[in-house]
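>
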Amino acid sequence: MIRKIDAHTVREAVEEAYLHCKEESGGRNADYIPYLAGVPAHLFGIAACLPDGSVITAGDTEYAFGIESVSKVPTALLAMEQYSAGQLLHKIGADATGLPFNSIMAILLERDHPSTPLVNAGAIAACSMIRPTGDADAKWAAIRGFIGELAGSEVEVIDELYRSESATNFNNRSIAWLLRNYGRIYDDPELSLDLYTRQCSLGVTARQLAVAAATIAGSGVNPTTRRRVFKAELTPKITALMATVGFYEHTGDWLFTTGLPAKSGVGGGIMGVVPGVLGIASFAPPLDGAGNSVKAQKALARIAARLDLGVFHPTHCIPASAEAATV
Ligand code: GLN
2 MIRKIDAHTV
12 REAVEEAYLH
22 CKEESGGRNA
32 DYIPYLAGVP
42 AHLFGIAACL
52 PDGSVITAGD
62 TEYAFGIESV
72 SKVPTALLAM
82 EQYSAGQLLH
92 KIGADATGLP
102 FNSIMAILLE
112 RDHPSTPLVN
122 AGAIAACSMI
132 RPTGDADAKW
142 AAIRGFIGEL
152 AGSEVEVIDE
162 LYRSESATNF
172 NNRSIAWLLR
182 NYGRIYDDPE
192 LSLDLYTRQC
202 SLGVTARQLA
212 VAAATIAGSG
222 VNPTTRRRVF
232 KAELTPKITA
242 LMATVGFYEH
252 TGDWLFTTGL
262 PAKSGVGGGI
272 MGVVPGVLGI
282 ASFAPPLDGA
292 GNSVKAQKAL
302 ARIAARLDLG
312 VFHPTHCIPA
322 SAEAATV
């Protein structure tokens, strides 16, 4: 039976998952970026945004945390918006690495391809693609503005996180220059690295991430502002990327378990997209060994199972308003 999703069923599922997962104590905050180690580990929030723009929340959904790798999704979208999906595939690629997000070996193995804009190498390459080339301030305005449009409200850098990350991002610096070696970075490497570091240091709330996810689910129209943010044809492309590599070396296990295309970040956030149905996000700082939030994964997996959100199921959920789709 196809499950119809309305605000009531989503609220029940979100509240149930929040209560069930609240006491989960597994995982540890990221500490390779010093700021992240100090974020209160008990914080936990879940937010879902429906096609009518209503946002359902439980817990700490107004706390601005480091977006980190979830920012790779908007920048990949912006690169596709400015160029095309085909150009992103050509310049960066869309393959899973099966390796950690910051893997240098993945670059050495692929040589001519950073593989996907959803790992560090591909995300730095995506930052390098953003226009106007060579103009750091204008590129940054484009990236920050785009994320704000997706999320339905402005996003700001957490200065302390940016400083913390800039002072410790030697691995990412190596990646940027290795991309240069292979001709796979399309602007100045240091400029591209700094843009990537800045975008990772943006503060977002779980509510904002849910709205951003719903904008992707809604084929590029933000359901809260009703503004078109990107071309409709890019939703299946970015969702495919998220499904392929959203949890790095744990992506297959996640997708097998939940069927939910989603993207995690070491700040503890996860954003999930069910095209045509809803956007959902959760945030809790302690991470597993691959850098994915333990509690947020548990909560989203629970909600996905309860609401049949998995996109591979022939009878997965539909919005309650979509009567025609049931016949
Ligand atoms: N800024 C972080 C890094 O480059 C992002 C990693 C992540 O969220 N997985 O290491």
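Residues in the sequence shown are numbered consecutively from 2, following our numbering. From the three backbone atoms N, C-alpha and C, an ideal C-beta is built for every residue, glycine too.
1) Indicate whether VAL246 and ALA86 have their beta-carbon atoms separated by less than 8 Å.
2) Roughly how many whole angstroms lie between the Cα atoms of SER72 and CYS201?
3) Are the beta-carbon atoms of PHE284 and ASP61 separated by less than 8 Å?
4) GLY273 lies in the beta strand (DSSP E); which residues open and close that run?
5) Which whole-angstrom value describes the C-beta separation of THR198 and SER175, a residue pair presumed to lie in contact below a C-beta threshold of 8 Å?
6) Under three-state DSSP, which class holds GLY87?
7) Only counting the same chain, and skipping five residues up and downstream in sequence, which positions put a Cβ closer than 7 Å to that of ASP32?
8) Roughly how far, in whole angstroms, is the beta-carbon of TYR64 from the beta-carbon of THR206, given that I think they are within contact range, below 8 Å?
9) How would you write the range of the beta strand (DSSP E) that ILE57 sits in, first residue to last?
10) Does the Cβ of GLU24 have 16 or more other Cβ atoms within 10 Å, making it buried, or fewer, making it exposed?
11) Count the other CB atoms, across all protein chains shown, that sit within 10 Å of the CB of THR327; report buried if there are 16 or more and exposed otherwise.
12) Could you tell me the boundaries of the beta strand (DSSP E) in which ALA48 lies?
13) Report the CB separation of GLU250 from PRO101 in whole angstroms; it is logged as a contact under 8 Å.
14) Starting from LYS105, trace the alpha helix (DSSP H) in both directions and tell me its first and last residue.
15) In the region 181 to 239, which residue ranges form an unbroken alpha helix (DSSP H) of at least 4 residues, counting only runs that do not cross its ends?
16) To the nearest whole angstrom, what separates the beta carbons of ILE131 and ALA122, a pair I think is in contact under 8 Å?
17) Compute the beta-carbon to beta-carbon distance between ASP188 and GLY135, rounded to the nearest angstrom, for a pair I have assumed lies under 8 Å.
18) Measuring only the C-alpha atoms, how far is GLY99 from LEU242?
19) By DSSP's criteria, PHE66 is part of a beta bridge. Which residues make up the other side?
20) In its own chain, which residues sit with a C-beta less than 8 Å from the C-beta of LEU308, not counting the 5 before and 5 after it?
21) Going by DSSP, which residues form a beta bridge with PRO320?
22) Output yes or no for whether 8 Å exceeds the beta carbon distance between ALA218 and VAL275.
Short version:
1) no
2) 6 Å
3) yes
4) 270 to 275
5) Not quite, the Cβ-Cβ distance comes to about 14 Å (not below 8 Å), so this is no contact.
6) helix
7) ALA38
8) 6 Å
9) 56 to 60
10) exposed
11) With a pLDDT of 38 at THR327, under the threshold of 50, the modelled position of that residue is not reliable, and the figure given next carries that caveat. Exposed is the call here.
12) 46 to 50
13) 6 Å
14) The question names Lys, yet the displayed sequence has Ile at residue 105. From DSSP, ILE105 is part of no alpha helix (DSSP H); its letter is neither H nor E.
15) 190 to 201 and 207 to 218
16) 16 Å between Cβ atoms; not a contact.
17) 6 Å
18) 13 Å
19) VAL205
20) ARG4, ILE6, THR10, VAL11, ALA14 and CYS318
21) ILE6
22) yes
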